[in-house]
Amino acid sequence: LQLSLAIIKPHTVKNPVALTYIRNVLKNKFVVIKTKRLFLDKSTAANFYIEHKDKFFFNRLVTFMSSGYIDLHVLGHKNAIHLWRKMLGPTKVYKAQFEDPYSLRGMFGLSDTRNVAHGSDSLTSAEREIKFFFPEFSFY
Ligand code: ATP
5 LQLSLAIIKP HTVKNPVALT YIRNVLKNKF VVIKTKRLFL DKSTAANFYI EHKDKFFFNR
65 LVTFMSSGYI DLHVLGHKNA IHLWRKMLGP TKVYKAQFED PYSLRGMFGL SDTRNVAHGS
125 DSLTSAEREI KFFFPEFSFY
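In UniProt numbering, the protein residues as written are 5 to 144.
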């Protein structure tokens with residue numbers, strides 16, 4: 005079973021329509037192995053997004069990710085990484101709205117920062133990200 009980490013971002017956690025819709029999708033398409041709600045402080049958010057530290061949007065991203073509760077879900081599926089990212093749609097919301105309007109970002113995205121949720125982009129990042137938020141998690 006392949007694992008991926010989903011992070012439901014703060015504006016989505018505050019949007020009951022989006023949150024209910026996404027929870028239903030997750031329940032129907034994946035085995036939801038672990039779930040946790042967290043309020044990140046800025047330094048934890050910065051650590052999580054460390055690979056983006058030189059990007060122009062880094063401060064904006066870190067401030068946003070520590071602006072409210074996030075929901076974390078460890079998702080299991082034979083193709084979890086690709087499937088969850090496919091369901092999210094393109095990172096950039098204008099692209100999501102044009103190219104994949106029924107993706108989660110197409111439907112609920114507000115901006116390139118407030119783009120609904122995060123999904124691990126590789127096996128290596130899935131493992132790092134799951135360990136980051138669930139240090140007790142056993143992969144074997
Ligand atoms: P994620 O890793 O969150 O699933 P992604 O892999 O689709 O997103 P990345 O390029 O890794 O996209 O960017 C990480 C996050 O940084 C994005 O989800 C988004 O919130 C933010 N971001 C990316 N590009 C921009 C941008 N041009 N302007 C503002 N924020 C951005």
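Beta carbons: idealized from backbone N, C-alpha and C, even for Gly.
- Where K40 is concerned, the enclosing beta strand (DSSP E) starts and stops at 35–42.
- DSSP places L108 in the helix class (H, G or I) of the three-state scheme.
- Not one heavy atom of the ligand ATP sits closer than 8 Å to the Cβ of R132.
- Taking I11 as reference, the option from S107, Y106, I74 with the minimal CA-CA separation is I74.
- Counting only unbroken stretches of 3 or more residues, the beta strand (DSSP E) elements lying wholly within the stretch 44–118 are 74–81, in sequence order.
- Around the beta carbon of H77, a 10 Å sphere encloses 16 or more other beta carbons of the protein chains shown; the residue is thus reported as buried.
- DSSP, reduced to helix, strand and coil, places S8 within a strand of the structure shown.
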